[in-house]
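Below is one structure; the comments refer to it alone.
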Amino acid sequence: MAGTHPSIDCIRHLQEQNPDRMKRFDGIKKIDILLGEAAFHHGGWRAARPLTATGAQMSNSFTAATQIVHGQVLMPQFTPDTLVDEDAWRLVDLTECKLHITDGDSIGCQEVRIRFEDGTVLHHSVPSAFGVEPPLSNDDIVAKWRQLTRDIVENEVVGKIEEIVLSLEEQDDLVALFELILQTSKNPLTR
Numbered sequence: 441m442a443g444t445h446p447s448i449d450c451i452r453h454l455q456e457q458n459p460d461r462m463k464r465f466d467g468i469k470k471i472d473i474l475l476g477e478a479a480f481h482h483g484g485w486r487a488a489r490p491l492t493a494t495g496a497q498m499s500n501s502f503t504a505a506t507q508i509v510h511g512q513v514l515m516p517q518f519t520p521d522t523l524v525d526e527d528a529w530r531l532v533d534l535t536e537c538k539l540h541i542t543d544g545d546s547i548g549c550q551e552v553r554i555r556f557e558d559g560t561v562l563h564h565s566v567p568s569a570f571g572v573e574p575p576l577s578n579d580d581i582v583a584k585w586r587q588l589t590r591d592i593v594e595n596e597v598v599g600k601i602e603e604i605v606l607s608l609e610e611q612d613d614l615v616a617l618f619e620l621i622l623q624t625s626k627n628p629l630t631r
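Sequential numbering of the sequence shown, starting at 441, is according to the numbering used here.
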């Protein structure tokens with residue numbers, strides 16, 4: 441859900457700027473996620489168990505906790521085992537999503553505030569999700585493609601698809617691309 445991406449971006453920034461502190465997530469006391477109206481109404485609800493893979497991906501509190509605990513929010517973080525991860529659920533329970541309307545109410549404008557037991561507060565805000573502002577570069581897109589297909593699609597197939605897509609303007613026929621896309625991939629939720 442698009443409304444979860446800015447929260448994940450905020451946490452990723454905090455992890456990059458404060459790696460040691462953010463790895464000690466057992467010391468987190470409270471997480472506030474400030475959301476614009478659309479994101480709040482779509483993903484600001486309080487997550488409760490049991491949560492499906494789809495529901496987890498729609499929840500700002502669950503995706504934020506997942507980023508903190510696992511360092512990424514990709515399909516492997518939504519397997520049945522990770523949906524019951526006690527570290528993630530402890531953080532979900534400490535999270536409050538709040539409606540935060542600003543002048544102009546940018547759809548993607550979000551802020552995350554993390555309060556630790558020792559009183560330290562880390563916070564970061566973004567005007568929109570990475571990929572919207574700033575837009576993804578071609579290198580970012582290739583890196584994301586490789587990240588999303590890792591362990592799901594055979595490396596050789598990934599490389600061939602990548603080669604064709606990166607030279608679409610020179611391609612006379614895209615049958616080879618469609619044949620590659622039709623090949624079997626692994627289910628990322630059952631690894």
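We put the CB at the ideal spot given by N, CA and C, even for glycine.
LEU562: first and last residue of the uninterrupted beta strand (DSSP E) it sits in = Walking along the sequence shown from the start, residue 562 turns up at place 122. LEU562 -> beta strand (DSSP E) spans 561-566.
Could you please give the first and the last residue of the uninterrupted alpha helix (DSSP H) stretch that includes GLN587?
-> Position 147 of the sequence shown, counting from 1, holds the residue named residue 587. 578-589 is the span of the alpha helix (DSSP H), which, as asked, contains GLN587.
Delimiting residues of the beta strand (DSSP E) encompassing LEU474 = For this step, residue 474 is matched to residue 34 along the sequence shown. Note, LEU474: beta strand (DSSP E), 468-475.
Reduced DSSP secondary structure (H/G/I, E/B, other) of THR542 | Numbered from its first residue, the sequence shown carries residue 542 at position 102. THR542 falls in the coil class under three-state DSSP.
Can you give me the Cβ contacts of LEU620 inside the same chain, cut-off strictly under 8 Å, excluding the 5 residues immediately before and after it?
-> Along the sequence shown, one-based indexing puts residue 620 at 180. If the five residues before and after LEU620 are omitted, its C-beta is found closer than 8 Å to the C-beta atoms of VAL597, LYS600, ILE601 and ILE604, all from its own chain and listed in chain order.
Determine the extent of the alpha helix (DSSP H) in which PHE618 is found, giving its start and end residues.
-> As a first step, residue 618 is located in the sequence shown; it is residue number 178 there, counting from the start. Per DSSP, the continuous alpha helix (DSSP H) segment holding PHE618 begins and ends at 615-621.
Based on the DSSP secondary-structure assignment, which residues constitute the bridge partners of ILE508?
-> Taking the sequence shown and counting its residues from 1, the one referred to as residue 508 is at position 68. DSSP lists no partner for ILE508.
Local Cβ density within 10 Å of LEU614, reported as buried at 16 or more and exposed below that = By 1-based counting over the sequence shown, the position of residue 614 is 174. Label assigned to LEU614: exposed.
When DSSP builds the beta bridges, which residues end up paired with VAL572?
-> The residue given as residue 572 occupies position 132 in the sequence shown. By DSSP's assignment, VAL572 forms a beta bridge with PRO575.
Could you spell out where the beta strand (DSSP E) holding PRO553 opens and where it closes?
-> By one-based count along the sequence shown, residue 553 stands at place 113. A small correction: the amino acid at residue 553 is Arg; Pro does not occupy that position in the sequence shown. Taken as a continuous stretch (DSSP letters only), the beta strand (DSSP E) holding ARG553 covers 550-556.
Just to confirm, are HIS563 and ARG553 a CB contact at a threshold of 8 Å?
-> Taking the first residue of the sequence shown as position 1, residue 563 is located at position 123. Taking the first residue of the sequence shown as position 1, residue 553 is located at position 113. A contact, by the Cβ cut-off of 8 Å.
DSSP three-state call for GLU603: helix, strand or coil?
-> To locate residue 603, count along the sequence shown from 1; it is residue 163. DSSP places GLU603 in helix when its eight states are reduced to three.
For my contact list, ALA479 and ALA505 are in at a C-beta cut-off of 8 Å; report their separation, rounded to the angstrom.
-> Taking the sequence shown and counting its residues from 1, one reaches residue 479 at position 39. Taking the sequence shown and counting its residues from 1, one reaches residue 505 at position 65. With 8 Å as the limit, ALA479 and ALA505 do not qualify as a contact, their Cβ atoms being about 16 Å apart.
In chain order, what residues of the same chain have a beta carbon less than 6 Å from the beta carbon of LEU606, not counting five sequence neighbours either side?
-> Against the sequence shown, residue 606 aligns to sequence position 166. Hits under 6 Å: none found.
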